[in-house]
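Contents: one structure, followed by commentary.
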Amino acid sequence: MSQSAILPAQPLTLIKAGAGAGKTYTIQSTLADWVKQGIVKADRVLAVTFTNDAANEMRTRIRLALLKEGMMAEARLLQKSNISTIHAFGLEILKTFAYEAGKSPAPRQLTEQEQDFLLRKAMDQAQAIQPVLDDLEHYGYGGGFKGDDFQDADEQLTETILALINKLRSLGKGFSETAGEAEALLRQAKDTIKTTYGHVQKDGAPYADQLWSAIEAVKTEYPDVTILREKGEWGNNGHTRAFVDNIYSATRERLDRDWKLWASLQFDDNLKKIREKHPRADLAEPVWNAAEKLSVHPGPLNDALTHIECLINGVLETLAAYQYTKEQAGLVDYGDMVHLANDMLEANPEWLDGIAGDYDCLIIDEFQDTNPLQYALLRRFQASSKYTLIVGDLKQSIMGFQGSYSRLFAELLNDGEKTPGVVKELDSNWRSTHELMDFINGVGTALFGSKYQELAPKAGYKSDLPAVQVLRFSKDDWNLNANAKSSKPGFTAEGNIALANHIKELLGSGSQITDRHSGQKRSIRGSDIAVLARGHSRLGKFAEALRNVRVEVQIQQPGFLACESVQWVLSALQALNNRRDHYAWLDLLTSPLVGGQSTERLSELLASYDSKTALKHSLKDLLEPLGNSLRKQPVKNQLLTIIEEGRLFETLNSHPQGPQYRANLIKLIGLAEEFEALQPETLNAMGIAGKNASTFPVWLNENKDSIDEQPTADPQAEDAVVLKTWHSSKGLEWPVVMVLDAEKASEPRFPSISMAYPDGGIDTMLDQSFVQVMPKFEDERTKNRFSELLEDEHIETNKNVYYVALTRAREQLIVPCWDSFSDGSMLSYILPLVMENDTSVEQKQVTPTAAGQDSSLSQVAEYGAMLIKRGNQLGKLKHSISPSLDKGDSIFEAPETVRMSYSPALDLEKFNRIPANSLGTWVHRLYQVYFMRPELLERALAMKPGCVFEKTQKTEIYRHLDGFRENIENLLGHEIAIRSELPVHDLSELDQVVSGVIDLVVNGLDRTLLVDHKSDGDGKLVDYLVQLNAYRYMYREQSSTIFGVNWIRSAELEVLSN
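Here is the structure:
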């Protein structure tokens, strides 16, 4: 045992431990020494960390340290100590004093899915939030892209409310209706807004009148908007034309509350050609000047204060209903485990004395990840503990989004510095090579300045690899993003292929690395390399690039429910529980998993079909007899039987996606077990009656957002390159690490929800804390003031998470470097280091030729089939039906259809730069906005990825949409009611699960028309008849329901002829 790692026993020791500094070794060595000296007994240790994996590792490491010292009895006694997560410790306290406190002695912990559902249900009943719900766009919730996915306005509001709930509960607020709590929270939040916003006038009407006068002057001089939009006038680019359009769309009424309109009329550099070159710029100047007064207009501030009041009151109302539901059902969530335990011990000090008396020492690991509520509980035990050891690193504080707050550790360190010997700093690094540590120390100083303590490299091995590889992408050869107007490849598109090829070359180079466990040199493998990125979107694209160059990957991605093996088992479950479900049998028998998508197979099944015997096949003959006994078993047992009798695991052994499909099936079995353990009240609240084979798929789809992540196929896969986010890499290490996205700068997002504390000591922080809510403001100067308030903390968090990513490397760090990076990006901090002419830093210029792909990649991998020989593939039927996604063959005779043309067709070739899925989503959104919120269509046209600003293009789209509506009115009459993007979730006539979204539902006087938009080309309605027919049962009450497909590219509406 190294004596340098052993710390003396004293009432309080605070350890500052940088990345790779050996904090876990210090904890195990110190505790083993204390036990050896008899200072601490092995069964009287309270050690708390924040994940189950970390708790298990700590227990194992301490036990091994005791065994190495020959303390066998003490190692056995350690099992009686409490080494756990903070939540498990809190739950143990609840159980210990349940009877005395009048609580359930066996509280059931809510799953994340149940917690999310109950919160959303309580949220739906909250009245305080209604004013915001009634006017979402006015309060800044207009819908938009979050990463690659479009987020609706109501989902944006829901996300804001859930973030506010998370922060409030982290502070210990909202658990009970405490007198004055709401007033205090509102007062503090509003005071912050008023102080930051600055001075405003009492009356905004004069400013609105001034702006309206300036607008009228423009309209008087140019009555026809088309003239001013011409290139020879003000309309020389998209921005100036948008400025003109906003002038002509303005009304005096809108100026009283439409702050986005005000902001759009302010001057910026995109409009300077009007000012510099147009003879009538004198008409624009008064508009610009009047619009600038938005910063002192009282309207935006008053709206912000109303917004905050609705949010905070709505959240407290939601939490009150949520807490009541849990208490009535004897349920607890993670927050309750800590909060209720803390309240119990505060109200009953003798209980605290009883528990604290069971321990000699308290150890808290990863303290920088502690939230205020957790610290309030632990501080009670710290005060009673003989010896307390607290370990953390402010530079690795990256969990603020989960409610942790690094200021707690900072304040604790400040207090500790006042007493000599309390604060210790580990000054060595045992992870990275000497050469790599020289670079990382330079990075630490560049990011954190004098706050960074350089770590002395102590790793006892050398590497043959260059410590740092800088892969430079010149802007002369590359664009940052792919651009259809440029011949240059995109750094974040084709650049991924170039980087993937670099990794492939490294794997094939025969390079040697030092094995972490054996300490011996060996050839590098895929699992020795990690690629770290800011977010999942970039990782998904990079995973595809690696697969394209035939490099295996290990990544967690969505797609669990769409997985072929999961779909096959669900189809079998449905078919065996409902003999009439011919759809399920057809889906089952035509699955590519059993080689069923051949033309011969489909022809054979259709030829064998009749109303009495239904479908005939040997696989059906094998499985169908299981139905009678299967239906009486729990869902989990049914799944296991289906998998075993169908020999599914055997089939997956030869499937190219076998490991992932097998992992998904194991997850499905686990979910079935979780489903069966649910309380009936929980299922009833979700609108699900009973636990059976029909309701299980419905429950899965209800929870899709939280369960659709695929599990890691094989965590021990040696040949797979590991892909993780910067955040999720914490606590891990690899010989080689490539860190992406350093060229990007990020800014604070609004609305912003964060924790705030008035000045004061650590003992009063929890009582004085509040949640800081920063709404979105349209005025640029106002927005900048609020950004400045959040900027320091935002930058600090970005530095921390980047530092975490860089310090995962043991031997080599690969840094892709885009020459034209953004100001404020992480690359801007470390540029002098990566540009140094140092032997440990290898510079490589990446050319577009490095993005070449193997031409043989188009070959389809062959794999074995189960029971049936595989042939040519056709479109696959899905278990969960969605006409927007699925295309299958009907087992019924194809009906006659009629095509009704309208004009003009929508020329989508102009958007060929946009991926088909993204384009389809955008076009669907245009239809939705046109029918449901036509006043927002201009905005929808301008949104990504379409970005339509040209008048002629907008006019063409308007005419297309008008023509489509006229076509519908010709069919159903002018008295129609329209619903767009209608979610569907039900069981069909044959008890088949129907889940999806109907693009358009049009109710006429005597008929209802269901329309599915198709933007990906021409086709036939009959291709989608199976799915469309299933939706008919959602409209059983209608006397006549007809189907139609809107072929957008050809401007034709195809409907059934009768």
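My numbering applies: residue 297 is where the sequence shown begins, and numbers increase by one.
Where is the CB? At the ideal position from N, CA and C, for every residue including glycine.
Which one or two residues does DSSP pair with residue i in a beta bridge?
i: Val-1137; result: Val-764
i: Asn-775; result: Gly-786
i: Gly-688; result: Lys-312
i: Val-1298; result: Ile-1274, Leu-1305
i: Phe-413; result: Looking at the DSSP assignment, Phe-413 forms no beta bridge with any residue, so it has no partner.
i: Gln-447; result: Gly-440
Tell me which residue opens and which closes the beta strand (DSSP E) that residue i is part of.
i: Leu-1317; result: Element bounds for Leu-1317: n/a, residue is neither H nor E.
i: Pro-1031; result: 1030–1035
i: Arg-1195; result: 1193–1197
i: Arg-1106; result: 1105–1114
i: Gly-836; result: Element bounds for Gly-836: not the beta strand (DSSP E) but the alpha helix (DSSP H), 832–844.
i: Arg-818; result: 817–819
i: Glu-970; result: That residue, Glu-970, is in no beta strand (DSSP E); its alpha helix (DSSP H) goes 954–973.
i: Val-1018; result: 1017–1021
i: Ile-302; result: Taken as a continuous stretch (DSSP letters only), Ile-302 belongs to no beta strand (DSSP E), as it is neither H nor E.
i: Met-733; result: No beta strand (DSSP E) holds Met-733; the alpha helix (DSSP H) holding it covers 730–744.
i: Ile-809; result: 808–810
i: Asn-378; result: 378–381
i: Thr-345; result: 341–345
Please state whether DSSP places residue i in a helix, a strand or coil.
i: Arg-264; result: Nothing about residue 264 can be read from this structure; the chain reaches only from 297 to 1354.
i: Arg-675; result: helix
i: Gly-316; result: coil
i: Trp-881; result: helix
i: Trp-1343; result: strand
i: Glu-750; result: coil
i: Cys-1243; result: coil
i: Gln-929; result: coil
i: His-1220; result: helix
i: Leu-561; result: coil
i: Tyr-1125; result: helix
i: Gln-1169; result: Because Gln-1169 sits at a pLDDT of 33, beneath the cut-off of 50, its placement in the model cannot be relied upon, and the point is left open.
i: Tyr-1159; result: At Tyr-1159 the pLDDT is 28, less than 50, meaning the model places this residue with poor confidence; the figure from the coordinates comes in the next sentence. Three-state DSSP puts Tyr-1159 in coil, outside helix and strand.
i: Ile-659; result: strand
i: Ser-545; result: helix
i: Phe-368; result: First, the residue type needs correcting, since residue 368 is Met and not Phe in the sequence shown. Helix.
i: Pro-854; result: strand
i: Thr-1337; result: strand
i: Leu-432; result: coil
How about residue i: is its C-beta nearer than 9 Å to some C-beta of chain C?
i: Ala-1041; result: The structure shown contains no chain C; it holds only a single protein chain.
If distances are taken between C-alpha atoms only, which option among the options comes closest to residue i?
i: Ala-973; options: Asn-997, Ala-959, Pro-930, Leu-935; result: Pro-930
i: Arg-274; options: Gly-318, Leu-387, Ile-389, Ile-335; result: Lying before the first or after the last residue shown, residue 274 is absent from the chain, which here runs from 297 to 1354.
i: Leu-1317; options: Lys-463, Met-1196, Leu-1301; result: Met-1196
i: Ala-577; options: Ser-377, Val-540, Leu-857, Thr-322; result: Val-540
i: Ala-546; options: Gly-534, Ala-513, Val-1219, Asp-412; result: Ala-513
i: Arg-1235; options: Gln-409, Thr-345, Ala-538, Met-419; result: Ala-538
i: Trp-584; options: Pro-596, Ile-570, Pro-575; result: Ile-570
i: Asp-656; options: Glu-860, Phe-1073, Asp-450, Ser-680; result: Ser-680
i: Phe-1117; options: Asp-1037, Pro-785, Lys-498, Glu-750; result: Asp-1037
i: Met-733; options: Val-764, Leu-709, Ala-706; result: Val-764
i: Trp-1365; options: Asp-665, Tyr-321, Thr-347, Asn-988; result: Examination of residue 1365 is not possible in this model, given that the chain is present from 297 through 1354 alone.
i: Gly-631; options: Arg-550, Leu-615, Met-1070; result: Leu-615
i: Trp-508; options: Asn-542, Asp-412, Ile-489, Asp-1312; result: Asn-542
i: Trp-1114; options: Val-1035, Ser-466, Thr-1217, Asp-1010; result: Val-1035
i: Glu-731; options: Val-718, Ala-742, Leu-751, Met-367; result: Leu-751
i: Phe-663; options: Asp-654, Leu-674, Gly-653; result: Leu-674
Starting from residue i, follow the alpha helix (DSSP H) in both directions and report where the run begins and ends.
i: Ser-1050; result: Ser-1050 -> not in any alpha helix (DSSP H); beta strand (DSSP E) instead, spanning 1048–1052.
i: Cys-606; result: 594–625
I think residue i touches residue j, with their Cβ atoms under 8 Å apart; what is that distance to the nearest whole Å?
i: Asn-777; j: Thr-788; result: 5 Å
i: Arg-359; j: Leu-374; result: 5 Å
i: Asp-431; j: Ala-504; result: Incorrect: roughly 19 Å between the Cβ atoms, too far for contact.
i: Gly-806; j: Ser-819; result: 6 Å
Taking 8 Å as the line, does the beta carbon of residue i fall inside it for any heavy atom of the ligand ZN?
i: Gly-440; result: Because no ligand of any kind appears in the structure shown, any question about the ligand ZN cannot be addressed here.
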